[in-house]
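Residue numbers (UniProt numbering): 1 to 658. All C-beta atoms in this analysis are idealised placements derived from N, C-alpha and C, irrespective of residue type, glycine included. Below is one structure, written out as structure tokens, with a few remarks after it.
Okay, here's the thing in structure tokens:
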């Protein structure tokens, strides 16, 4: 209890920059008034949600408390807690950071070949740019030290580490040769592919074939568009993990029956004369396979062997590549990219394709897709199957936000079983890698439907299911229903089922594994914050211990994230500010961690909001602040002062207040 503090003491201590002051601990009226005046001057994105109304009978004999309770009753509007997302957040564009930017052709050393020509609005005079360039942020450039060359040249905010005479970019030839021809990041969007997607010239051969089969009338009722028409195909191409009717109980892979031919295979084997001439004119080198002619059976597909491994969930906004590298370093076995919208990927949007990037240290990596219709989802699956390197593809059927739900995606697919089936079957037919599905317990709070859907998902061809133990109406509130997850794990067998929800310590992980699940997914959703509150949670689970990590060690983690961010987003002004933005988003969750040495009882509960408390040093106290201004202070310790007119608003309204 000696670490507990009032709100006034906490913020006064931070303003004093941790210097011991008797006035901070004393708390006289003059000091409190001064604190209140300063507090009003400091800009904050939210006011603190007021405490719950206390009944007058429980207050005691204190008349002032009764008056306060009565005042709370008269003003019910102030009692409403800020919830949801800040949907109209200010967007800081690159021209807000620097008014005059140097032309990329000058940075790349080919100023005479400017792509924009005489219409170029960027600067070409290096001396003029250097006169207006902000001061450097440090003497060491992470790109130069890692790769031997900084591609940002004089625009780098750490340029003094690699600039020679006449602003020439210095290159470490020995180190640069080690990275020659190698790329630390895969799954980049090429200009040619982007052009094909924008001009709609990309050919979706398998997807179009599957969609045509959906439109054909079937003998079971005469109506087309029903996914049930693929029951014949599923009997012919069986899933070897689940014995199906009429194929025996042998665990070995069954032989294809010769009752009839697959209409899809028939279409592939009998192409049009034009297509045949084109195929015969193509010259090949090496052995010619029949993968393009004969569809892979389920047992021939690459298997997803991740049972018992720690799975970092797809994290929107915060699950970026630098953060995944942090989690990978602390012991995450499986990583997944942020949720990507299939329609944006099909349009060739660079910002959406950036969510698919994979670092070379991510040995088991998947991507998560969101969509509402079988045509776009199947085409997107075929597109990714041909263009990027992934170990699995996940369908997001657990997103609860209105923007996705009202369009028929996310949780809405659980109520649209026909479209859901068409999506799973279609994506499975065009993918060479395993297909997984992430779902919730249901849409309504007290009506669980996952146990009815999971056997169907297994029948449709999915390799694994992840179940979040909350419904859509619960969003991320209340505790996850692990008893229900255990029930669904038995129903899903032999298909693996991963559980998700309320994992913040190794004890929580052990308790979850005893429920019979194949593994656990560690996420970040409010309040399922596991990995974002403490990314070292993976180490705690593997070493079976509570880690009382110091503030200096946590600050070193933030340093590593900053270096990874500069390496990924760039070390110029635009890259620095993008790194700062994602750092601040992470700090809005990281501040909820309570050091192990300060807890009255172990472990910390994930749904508990910590009270105001003083850390064991100034840095630990600063990291415990839930005010956005203090997060900006931390970012300035790592990335220098913020630009003028800098603004930041957290994604979630309840994440920052005084």
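- Taking the C-beta atoms as reference points, residue 443 is found nearer than 8 Å to residue 473.
- For the pair residue 352 and residue 345, the CB atoms are nearer than the 8 Å cut-off.
- Going by DSSP, residue 440 is part of no alpha helix (DSSP H) but of the beta strand (DSSP E) stretching over 435-440.
- Residue pairing by DSSP places residue 320 opposite no residue, since no beta bridge is assigned to it.
- Take the alpha-carbon of residue 7 and the one of residue 331: they are about 36 Å apart.
- For the pair residue 367 and residue 336, the CB atoms are nearer than the 8 Å cut-off.
- Annotated three-state conformation of residue 614 is coil, per DSSP.
- Only buried fits residue 521, as 16 or more other CB atoms lie within 10 angstroms of its CB.
- Taking every protein chain shown into account, the CB of residue 392 has 16 or more other CB atoms within 10 angstroms, so this residue is buried.
- Within its own chain, the residues whose Cβ lies closer than 6 Å to the Cβ of residue 540, once the five positions on either side in sequence are excluded, are 506 and 547, listed in chain order.
- Going by DSSP, residue 628 is part of no beta strand (DSSP E) but of the alpha helix (DSSP H) stretching over 628-639.
- Note on residue 585: 16 or more other CB atoms within 10 angstroms of its CB, so buried under the neighbour-count rule.
- Looking from the CA of residue 478, the closest CA among 535, 445, 453 and 394 belongs to 445.
- Residue nearest to residue 512 within the set 536, 179, 492 and 484 is 484 (criterion: CA-CA distance).
- Taking one beta carbon from each stretch, the segment 590-598 and the segment 608-624 have 3 or more pairs nearer than 8 Å; the two touch.
- Taken through DSSP and simplified to helix, strand or coil, residue 515 comes out as coil.
- One Cα belongs to residue 554, the other to residue 350, and the distance between them is close to 33 Å.
- In this structure the segment 451-470 does not touch the segment 376-390; the number of beta carbon pairs closer than 8 Å is below three.
- Rounded to the nearest whole angstrom, the CA to CA distance from residue 447 to residue 535 is 33 Å.
- In the DSSP secondary-structure assignment, residue 498 is bridged to 466 and 519.
- Between the segment 165-174 and the segment 186-197, the count of Cβ pairs shorter than 8 Å is below three; the stretches do not touch.
- Annotated as distal: residue 468 and residue 519, with beta-carbon spacing of 8 Å or more.
- Residue state for residue 188 is assigned as coil, using DSSP reduced to three classes.
- Counting the other CB atoms within 10 Å of its CB gives residue 432 a total below 16, which places it among the exposed residues.
- For residue 418, the enclosing alpha helix (DSSP H) starts and ends at 417-430.
- Using a Cβ distance threshold of 8 Å, residue 14 and residue 622 count as a contacting pair.
- Residue 321 counts as buried, since at least 16 other C-beta atoms from the protein chains shown sit within 10 angstroms of its C-beta.
- A straight line joining the alpha-carbon of residue 590 with that of residue 533 spans about 4 Å.
- Nearest in C-alpha terms to residue 437, of all of 487, 405, 495 and 620, is 495.
- Between residue 360 and residue 324, the C-beta spacing is not below 8 Å.
- Per DSSP, the continuous beta strand (DSSP E) segment holding residue 367 begins and ends at 365-370.
- Sixteen is the threshold: when 16 or more other Cβ atoms of the shown chains lie within 10 Å of the Cβ of residue 450, as they do, the residue is buried.
- Check the Cα spacing between residue 170 and each of 183, 184 and 145: the tightest is with 145.
- Closest option to residue 129, judged by alpha-carbon separation, among 414, 492, 156 and 417: 156.
- DSSP places residue 142 in the uninterrupted alpha helix (DSSP H) bounded by 142-147.
- Across the structure, residue 551 and residue 10 are spaced so that their CA atoms are roughly 17 Å apart.
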